[in-house]
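Read in the working numbering, the sequence shown has 576 at position 77, and its numbers run on one by one without any break.
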Amino acid sequence: ERKASSQAVFIGTGYQEKNLRDMFKFLTTLVTPSFDTISAKKRFLKKAVKFFVQNGRMYKKMQDRPPLLVIFDPEKRATILNQAHE
Numbered sequence: 500e501r502k503a504s505s506q507a508v509f510i511g512t513g514y515q516e517k518n519l520r521d522m523f524k525f526l527t528t529l530v531t532p533s534f535d536t537i538s539a540k541k542r543f544l545k546k547a548v549k550f551f552v553q554n555g556r557m558y559k560k561m562q563d564r565p566p567l568l569v570i571f572d573p574e575k576r577a578t579i580l581n582q583a584h585e
């Protein structure tokens, strides 16, 4: 979690990033990606309910805090991380 202006952001990397992109596609089309096992599909769906899409942007739901904006663009993520560490 990092602050970008007044917006909290969720930063994923590697495998997690592909998973987040799959979730975005699922949340906007309601078509599940293909999985090798039923349990993998169940895990995906269990995680997907923790996110939502609004105005073309994906957010991670937080229990008692405002949702986190998911940042997909690697350059933008790097900029946010650098700003947070300055």
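We put the CB at the ideal spot given by N, CA and C, even for glycine. Source: prediction; values computed, not measured.
With fewer than 16 neighbouring CB atoms inside 10 Å of its own CB, residue 561 falls in the exposed class. In this structure, DSSP gives residue 568 an extended state, which the three-state scheme calls strand. Residue 562 sits in coil when the DSSP states are folded into three classes, being neither helix nor strand. Distance from residue 540 to residue 531 at the Cβ level is roughly 6 angstroms; contact confirmed, criterion being Cβ atoms closer than 8 angstroms. Between residue 515 and the set 565, 533, 543, 577, the nearest pair of CA atoms involves 543. In the three-state reduction of the DSSP assignment, residue 534 falls in the coil class, being assigned neither a helical nor a strand state.
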